[in-house]
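Under my numbering, read the sequence shown as residues 2 to 403, first letter to last. Ideal Cβ positions, reconstructed from N, Cα and C, are used throughout, including at glycine. From a predicted model like this one, the values you see are computed outputs, not experimental measurements. Below is one structure; the comments refer to it alone.
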Amino acid sequence: MLDEKVQNSISTDQLYKEYDWYQHTFPPIVQESCDEFFDNNFKLELIGISKNINCLMDNESWFVTKIRINHEYDMYFRLNDKALDIILNKVLGQSKNKFNINKISELEAKVITSFNDFMFEHLKTVLSEPDPTQLQRNNFDLIHLTFIIKEVEEYNKKAGKVIITMPLGLLKPELITSEGPKFSDDSFPTSETLVKVLIGKTKFSLYDLKNLEQDDVVVFENSNLENITLFISGEEIPVNLNPNMDILITETENGGDDMGDTHKNIWDSIEVEMSAEFDAVKISLGELKDIEEGLVVDLTSLYDNNVTLKVEGKSIASGSLVIVNDRYGVKINNVIADGGNSLPAKGQNAAQPAAESNENEEEGNDFTDNNELPPEGEGSENNDNSEEEFDYSDFDLEDENI
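Pasting the structure below:
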């Protein structure tokens with residue numbers, strides 16, 4: 002019962018409400034102490050607060066200083082090997098050998114310990130007197146502030162981590178309190194969001210792909226005039242719509258010069274999957290809420306929007322939507338060439354972008370821990386607005402493609 006009470010003494014929701022106080026209280030103090038000690042050579046930035054130290058230290062090596070506040074409370078300063086390397090190379094000069102935290106010299110350890118002591122003297126000014134009713138001397142009764150440290154020179158991109166651990170019993174964080182609703186419920190139905198619209202997909206040989214030209218028409222065999230797919234926040238929403246027959250063209254107008262020529266070699270015969278999607282369009286939250294299976298949605302504005310052809314997520318061409326018989330197609334206006342050049346459509350002065358639009362949018366006690374931070378998310382963000390250009394050499398030959 003006691004353990005459960007301790008573990009729930011500070012919830013994630015509470016940390017969200019307290020973050021602003023931590024952000025305004027500690028970074029200025031830490032930065033000021035660093036500037037005074039190291040003569041304005043480093044920049045520190047708070048990147049997170051946590052009550053779980055394990056997720057912060059996994060699989061990295063750390064230099065740890067434990068400083069006694071009083072007979073009940075301690076404060077910890079942890080610097081990973083990258084932070085030590087950055088600081089020591091700047092303060093003591095560039096070393097000829099790669100930094101090894103397990104071979105840290107007495108002088109190097111003294112520099113870091115002195116810095117941690119100096120930060121402590123600054124930080125203890127914001128610590129409160131202990132409350133005897135608080136749960137004390139427990140792993141869950143701590144808060145961990147994680148900082149990124151790097152040199153102020155912009156050309157040096159190296160960064161390390163500094164974790165400062167303080168007892169919650171000596172902190173009096175302020176919570177952000179709500180002053181009432183900021184939005185009326187009536188405003189949400191008319192609020193708009195950006196939605197991706199997929200028209201269809203088709204198989205396309207590499208030979209035809211690299212020979213795409215302006216005014217060619219690519220027909221998407223698995224498309225359906227009465228169905229499209231909306232993508233929003235990773236969710237796929239199939240919808241029905243009434244096709245605009247004004248964009249119908251006859252097969253004799255299906256431009257392109259000898260798209261079906263004999264393939265020159267085995268590489269040219271490899272087929273890849275090509276998709277066609279509109280640039281992100283705006284749709285109100287009310288319209289999204291009303292989308293149901295079987296419901297016909299009016300998206301008339303789509304037909305005047307730019308369509309981008311993609312292979313493996315890379316934009317290769319853009320054009321306008323057409324209908325050929327009972328399938329959707331795209332009439333090519335711009336071909337995105339290697340190196341980012343594009344072929345302008347007739348009557349255009351400059352190439353139009355094929356990528357999606359980006360609208361609105363302890364005293365003297367020092368020791369080391371050998372842990373490592375989990376790998377950070379790649380690409381973070383898989384930003385849909387950053388399109389890679391198509392490169393014919395990107396594709397590897399696999400048995401099933403031959």
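Proximity below 7 Å, CB of residue i to CB of residue j
i      : j      : result
Ile200 : Ser224 : yes
Asn42  : Lys91  : yes
Lys197 : Phe232 : yes
Glu272 : Lys204 : yes
Lys211 : Glu274 : no
Phe119 : Phe64  : no
Ile68  : Phe121 : yes
Glu193 : Ser285 : yes
Ile144 : Leu176 : no
Val336 : Leu213 : yes
Ala281 : Leu195 : yes
Trp22  : Pro174 : yes
Selected residue, minimal CA-CA separation from residue i, among the options
i      : options                        : result
Asp217 : Gly170, Gly320, Ile248, Lys162 : Gly320
Val219 : Met76, Val323, Leu108, Thr13   : Val323
Val31  : Leu242, Leu47, Leu195          : Leu47
Asn243 : Asp14, His25, Glu61, Tyr329    : Tyr329
Phe189 : Thr114, Leu289, Ile229, Ser106 : Leu289
Cys35  : Thr114, Ser234, Ser316         : Thr114
Asp209 : Asn306, Asp59, Asn266          : Asn266
Exposed unless 16 or more other CB atoms sit within 10 angstroms - verdict on residue i
i      : result
Leu45  : buried
Asn117 : buried
Asn311 : Per the sequence presented here, residue 311 reads as Lys, with Asn not at that position. Answer is buried; the Cβ neighbour count reaches 16.
Asp258 : Residue placement at Asp258 is flagged as unreliable, the pLDDT there being 46, under the threshold of 50; the coordinate-derived value follows with that caveat. So Asp258 counts as exposed.
Asn334 : buried
Met76  : buried
Asn81  : buried
Glu357 : Confidence at Glu357 is low in this model, with a pLDDT of 41, below 50, so the placement of that residue should be treated as unreliable; the coordinate-derived value is given next. Buried.
Gly314 : exposed
Phe78  : buried
Leu57  : buried
Lys104 : exposed
Glu155 : exposed
Start-to-end residues for the alpha helix (DSSP H) that takes in residue i
i      : result
Lys290 : 286-291
Phe100 : Element bounds for Phe100: n/a, residue is neither H nor E.
Ala110 : 107-124
Ser34  : 13-39
Lys52  : Here Lys52 belongs to no alpha helix (DSSP H), and DSSP marks it neither H nor E.
Lys211 : 207-211
Euclidean distance between Cα positions of residue i and residue j
i      : j      : result
Thr166 : His72  : 17 Å
Ser387 : Thr66  : For Ser387, the predicted model reports a pLDDT of 46, less than 50, meaning its position is unreliable; a value from the coordinates is still stated below. Their Cα atoms are separated by approximately 43 Å.
Leu85  : Ala277 : 50 Å
Thr147 : Tyr20  : 12 Å
Phe27  : Ile150 : 14 Å
Ala355 : Val308 : The predicted model places Ala355 with a pLDDT of 36, which falls under 50 and marks its position as unreliable; any figure quoted below should be read in that light. Roughly 8 Å separates the two Cα atoms.
Leu249 : Trp268 : 34 Å
Ile50  : His123 : 19 Å
Phe279 : Val331 : 11 Å
Lys99  : Ile88  : 14 Å
Val240 : Asp186 : 26 Å
Val127 : Leu172 : 8 Å
Leu108 : Lys162 : 21 Å
Gln95  : Lys125 : 33 Å
Ser129 : Tyr74  : 12 Å
Val325 : Asn245 : 12 Å
Ile238 : Glu227 : 14 Å
Lys83  : Ala160 : 7 Å
Asn53  : Asn101 : 27 Å
Tyr17  : Gln24  : 11 Å
Ser234 : Ile292 : 15 Å
Ser316 : Pro29  : 45 Å
Asp142 : Gln15  : 14 Å
Thr191 : Asp327 : 34 Å
Thr13  : Gln215 : 55 Å
Start and end residues, beta strand (DSSP E) containing residue i
i      : result
Thr331 : Note that residue 331 corresponds to Val in the displayed sequence, not to Thr. From DSSP, the beta strand (DSSP E) with Val331 extends over 328-336.
Ala318 : 315-325
Met167 : 161-168
Asp75  : 75-81
Glu236 : 236-241
His145 : 143-152
Ser129 : Counting along the chain, Ser129 falls outside any beta strand (DSSP E), and DSSP gives it neither H nor E.
Ser62  : 62-69
Asn228 : 228-233
Lys173 : Run containing Lys173: none; DSSP gives neither H nor E here.
Lys311 : 308-312
Within-7 Å CB hit, residue i to chain E
i      : result
Ile233 : No chain E appears in this structure, which consists of one protein chain only.
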